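Just so we're aligned, residue 576 is where the sequence shown starts under my numbering, counting upward by one.
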Amino acid sequence: MKLGIAKLGHIGSSFVDKLLDERAEREDLDVFCIGSGSKMDPCSSKEVIKKLFETNCDAYIVVSPNPSTPGSREALEKIEEIEEPIVIIGDVAGKEVREDLEKWGFGYIFVYGDALIGARKEFLDPVEMADFNSNVLKVLSLTGVFRKIVSETDRLIDSVKKDSNYLPKDILEPNKIVSEEFENPYARAKARASLEISQNVAILNQKACFKLDNRDEYLPLVVATHEMMEKASELAKEAREIEKTNDNVLRKPHDYDGGFLEKRELFEEFKK
């Protein structure tokens, strides 16, 4: 099966193509990616979407920060005539366009805790940008968010292989995510705290980047949000360390045929 992925701008969930074939050993899936780098203006987004459908894949994923923004929305409005399954992955702010996506026949996964960066020139240089995103990846991976994205995307892939018509329509809420990932209640609490901090980073950066004009107000705020993101990352790591101490880390690698294997104890045999 061929899966095409378009990346309009960048969020933590843009990592999805690597998550679907973590060892490059799947025999049932080929992934093709095209992106617009950091840009998500209408012109860049439309060009990416146009190129995506030239790959003639069996299903498509579009990953974008807040799909309700003009660039993403205008690009999405142009593709409702495509017959293959299409799923939109975005941060939780994108749920505003959920009804439109359903009207156009698209699936969606909206991700709680995939935080907006503090994109102010006085603060954000390439190193700061990379550092922030490394912390976002820690939070989304170690709290269980990425696992849920993989699970839903693999259900889509499996449905295409079986000629069924499953489309994910999910808003990834933190309580359900951490309950499925962790068995220790203290680990769950730390992971939940990590996601709540990360989501508040998104809320505060929305204010700092788009609502505040006074440098003396927005500059300290974006600095604070990046400090918050680092602490969220530390909490996510602490949650995983609790599970490691109990030899209870959930591991679900892909098998060659795309199915999941599963275990918790490090030296136990996998279960299918």
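The beta carbon of each residue, even a glycine, is placed where N, CA and C say it ideally should be. Values in this document were obtained by computation on a predicted structure and should not be read as measured data.
request  = Would you tell me roughly how many angstroms separate the C-alpha atoms of Lys653 and Val725, rounded to the nearest one?
outcome  = 26 Å
key: Cutoff 7 Å; reference Gly834; Cβ partners in own chain excluding five residues on either side   = Lys847
task = Alpha carbon to alpha carbon, how far is Asp738 from Leu715? Give it in angstroms, no decimals.
result = 31 Å
Paired residues, beta bridge with Glu837 - DSSP = Lys846
ask   = Where does the unbroken alpha helix (DSSP H) through Phe607 begin, and where does it stop?
value = Run containing Phe607: none in the alpha helix (DSSP H); it sits in the beta strand (DSSP E), Asp605 to Gly610.
message = Tell me which residues share the same chain as Pro645 and place their Cβ nearer than 7 Å to its Cβ, disregarding the 5 neighbours each side in the sequence.
response = Pro617
key: Pro749 and Ile684 closer than 8 Å at C-beta   = no
query = In terms of alpha-carbon separation, which member of Glu600, Asp822, Lys577 and Val797 lies closest to Asp633?
reply = Lys577
key: Beta carbon of Gly688 nearer than 8 Å to that of Leu583   = no
ask   = Span of the alpha helix (DSSP H) holding Tyr793?
value = Arg790 to Thr820
Limits of the beta strand (DSSP E) - the one that Phe685 falls within = Gly682 to Val686
ask   = How would you write the range of the beta strand (DSSP E) that Ile848 sits in, first residue to last?
value = The question about residue 848 has no answer, for the chain in this structure spans 576 to 847.
inquiry  = Short of 7 Å in beta carbon distance, which residues of its chain neighbour Asp830, apart from the five on each side in sequence? Order them along the chain.
reply    = Leu836
task = Find the nearest neighbour of Ala705 within the set Glu805, Arg815 and Thr820, judged by alpha-carbon distance.
result = Glu805
key: Delimiting residues of the beta strand (DSSP E) encompassing Lys577   = Lys577 to Lys582
request  = Answer yes if the segment 754 to 762 comes into contact with the segment 691 to 703, meaning at least three C-beta pairs across the two stretches below 8 Å, and no otherwise.
outcome  = no
ask   = Among Glu703, Asp666 and Val672, which has the Cα closest to the Cα of Ala690?
value = Asp666
query = DSSP three-state call for Ile732: helix, strand or coil?
reply = helix
task = Please classify Ser613: is it buried, with 16 or more other beta-carbons within 10 angstroms of its beta-carbon, or exposed?
result = exposed
8 Å contact criterion, which Thr800 and Leu779 should meet: CB distance rounded = 5 Å
Three-state secondary structure (DSSP) of Arg648 = helix
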